[in-house]
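For the sequence shown, the numbering used here assigns the number 629 to the initial residue and increments by one for each residue that follows.
Every residue, glycine too, gets a C-beta built ideally from N, C-alpha and C.
This report refers to the structure that appears directly beneath it.
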Amino acid sequence: MENSNKFIKYLAFLFLLLFQFTNTIAQYGYFEQGYGTDRNEEGFDLAVTTDYKVMMAGYLQQGTNNKDVYILYTDSIGDTLWTKTIGDNNDDVAKAIWQKDASSFFIAGYTKPNGNIDDEGYFIKYDIAGNVAFSVAIGTADNDYFNDLAQSQDGNIVLVGYSNTLGTNKNIYVVKADTSSGTVLWSNLYGGSGHQEATAVLTKVNGNIVITGTDYSGSLPQAFLLELDSSGNQLTYQLLAQTFSSYANSIAMTRNGKYWLAGYTDNSGNTDALIALVDGSGIYESHQTYGGSNDDKFNSIIRIGNA
């Protein structure tokens with residue numbers, strides 16, 4: 629698997645754009661390091677601690693139909709401190725990681741519990757030493773997947789992804805769960821006919837939840853912005869633009885309340901990386917594409933400092 633043993637390129641400029649796990653920032657510069665075993669591994673997300681250590685999450689391929697959550701923890705110069713796998717005899721994959729405090733980490737992804745036909749969302753809490761506090765499968769009667777998570781203003785966790793509950797198409801799946809045991813506080817589906825998938829989430833100081841992803845229900849795939857209140861009631865749902873295709877993988881909020889979406893477009897015949905600016909209501913303002921003759925995508929974007 630190409631680049632399966634590499635981790636995220638973590639470069640500090642105005643916004644941090646992550647492609648695949650390649651590099652990360654250390655306390656006094658950069659390091660580049662390969663990680664892995666004699667099996668295939670793939671990383672999807674990382675968290676940097678206040679002392680510049682790095683926690684990475686993805687999966688380790690254990691067999692033909694068996695992936696385990698794979699967590700790798702390094703010091704500030706990239707040397708491995710410990711690794712851990714979590715899972716059983718089916719697929720267990722970490723898609724996102726988030727650090728609550730110095731000793732609490734949370735993972736969102738998906739799992740196929742033993743005896744289940746369908747996949748379910750996976751929510752894991754563990755400490756700085758890799759000890760698991762809980763790992764819970766969350767879902768409906770059909771396939772469910774988590775792609776991202778964020779802390780809500782009330783201290784709980786919001787997980788987002790998609791579900792096949794409303795038929796053969798995917799619909800946006802949002803869950804709020806507590807941090808002590810992973811108990812679901814509420815869960816909702818959003819969208820209708822067609823196919824919508826949530827890929828990223830952030831929360832606002834007023835408690836609202838802002839979600840982005842891609843809506844495939846129209847003639848062109850469109851990035852969307854969905855805003856919910858703290859109880860999961862839908863406030864707004866906006867598509868990026870109708871004149872070109874857009875796929876959103878990540879979201880960051882500006883200082884003045886607008887949003888940057890990062891992802892890609894395939895409107896030109898090949899895939900170009902895309903950054904789009906939308907206002908606080910999700911109304912499209914502008915965009916910029918990046919790339920050459922090959923396929924290019926942005927997987928993540930974050931705000932640095934007071935930008």
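Could you give the C-beta distance for residue i and residue j, rounded to a whole number, given that I count them as a contact under 8 Å?
i: G673; j: D696; result: According to the sequence as given, residue 673 is Asp; it is not Gly. Actually they do not touch by this definition, with Cβ atoms about 16 Å apart.
i: V802; j: I839; result: 7 Å
i: L854; j: Y844; result: Between Y844 and L854 the Cβ distance is about 15 Å, and since that is not below 8 Å, they are no contact.
i: Y687; j: Y698; result: 5 Å
i: Y892; j: F852; result: Not really, about 15 Å apart at Cβ, beyond 8 Å.
i: I800; j: Y818; result: 4 Å
i: N771; j: D746; result: 5 Å
i: T768; j: I785; result: Actually they are not in contact, since the Cβ atoms of T768 and I785 sit about 18 Å apart, beyond 8 Å.
i: F751; j: A675; result: Contact flag wrong, Cβ pair sits at about 16 Å.
i: G841; j: Q824; result: 7 Å
i: W814; j: S859; result: 7 Å
Pick helix, strand or coil for residue i, following the three-state DSSP scheme.
i: K804; result: strand
i: S914; result: strand
i: I930; result: coil
i: D776; result: strand
i: V833; result: coil
i: D900; result: strand
i: Q781; result: coil
i: A757; result: coil
i: S921; result: coil
i: T827; result: strand
Here's the rule I'm using: 16 or more other beta-carbon atoms within 10 Å means buried, otherwise exposed. How should residue i be labelled?
i: A904; result: buried
i: W726; result: buried
i: S787; result: It is worth fixing the name first, because residue 787 is Leu in this sequence and not Ser. Buried: at least 16 other Cβ atoms inside 10 Å.
i: E913; result: exposed
i: Q870; result: exposed
i: S791; result: buried
i: V829; result: buried
i: D755; result: exposed
i: N898; result: exposed
i: L863; result: exposed
i: G920; result: exposed
i: Q850; result: buried
i: S780; result: buried
i: N861; result: exposed
i: E669; result: buried
i: A736; result: buried
i: V833; result: exposed
i: A730; result: exposed
To which residues does DSSP link residue i through a beta bridge?
i: A876; result: G891
i: F751; result: A736, V764
i: F852; result: G841, L867
i: G789; result: F774, Y801
i: L938; result: Lying before the first or after the last residue shown, residue 938 is absent from the chain, which here runs from 629 to 935.
i: Q862; result: L856
i: A769; result: Its beta-bridge partners do not exist; DSSP assigns none.
Is residue i near the ligand NAP, going by C-beta to nearest heavy atom under 6 Å?
i: K712; result: Among the ligands in the structure shown, none appear at all, so the ligand NAP cannot be discussed.
Could you check whether the Cβ of residue i sits closer than 7 Å to any Cβ belonging to chain C?
i: T711; result: In the structure shown, chain C does not exist; there is a single protein chain.
Write down every uninterrupted run of the beta strand (DSSP E) in the segment 648-734 whose length is 3 residues or greater and which is fully enclosed by it, in chain order. Runs found: 651-654, 657-660, 669-676, 682-691, 694-702, 708-714, 720-729.
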